[in-house]
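In UniProt numbering, the protein residues as written are 1 to 123.
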Amino acid sequence: DYDLSQLQQPDTVEPDAIKPVGIRRLDERPIHAEPQYPVRSAAPHPGDIGDFINEGLKAADNDPTAPPYDSLLVFDYEGSGSTAGSLSSLNSSSSGGEQDYDYLNDWGPRFKKLADMYGGGDD
């Protein structure tokens, strides 16, 4: 059974029950290896901010534990042997005359708006 009263009244918690943040047990080995971060210099002189930013970029680029938060995505390459063609012909009519869109009325009520847009609908 859980005692939720301690969560509702944090001022009544005994001081001995509160452990400082970041304190580790020295009598046990850590479960995971601690990450090794490159040593960075203290806050830079305002004139050296460009160097400071570049140093941070290099440190981030060379950190093997950093996940790739962004990556280059190429969407305009279809690959070799692709059957995809140009969509430019969709804008032009191959018949040269008026298109007959009356068949859209046969598609039912879900396509009524489309039939009205292209064929005028059954008014």
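Cβ atoms here follow ideal geometry from the backbone N, Cα and C, with glycine treated the same way.
Buried or exposed by the 16-neighbour rule on C-beta atoms within 10 Å, applied to residue i
i	result
A115	buried
Rounded C-alpha distance that separates residue i from residue j
i	j	result
E55	D48	11 angstroms
H32	I53	30 angstroms
K58	R29	32 angstroms
N62	D27	33 angstroms
W107	A60	57 angstroms
A66	V39	16 angstroms
Contacts around residue i, its chain only, beta-carbon distance under 8 angstroms, and the 5 residues preceding and following it disregarded
i	result
F111	L104
D102	G119
Minimum C-alpha distance to residue i - residue among the options
i	options	result
P64	M117, G50 and Q36	Q36
H99	M117, G108 and W107	It should be pointed out that residue 99 corresponds to Gln in this sequence rather than to His. Measuring from the Cα of Q99, the nearest candidate turns out to be M117.
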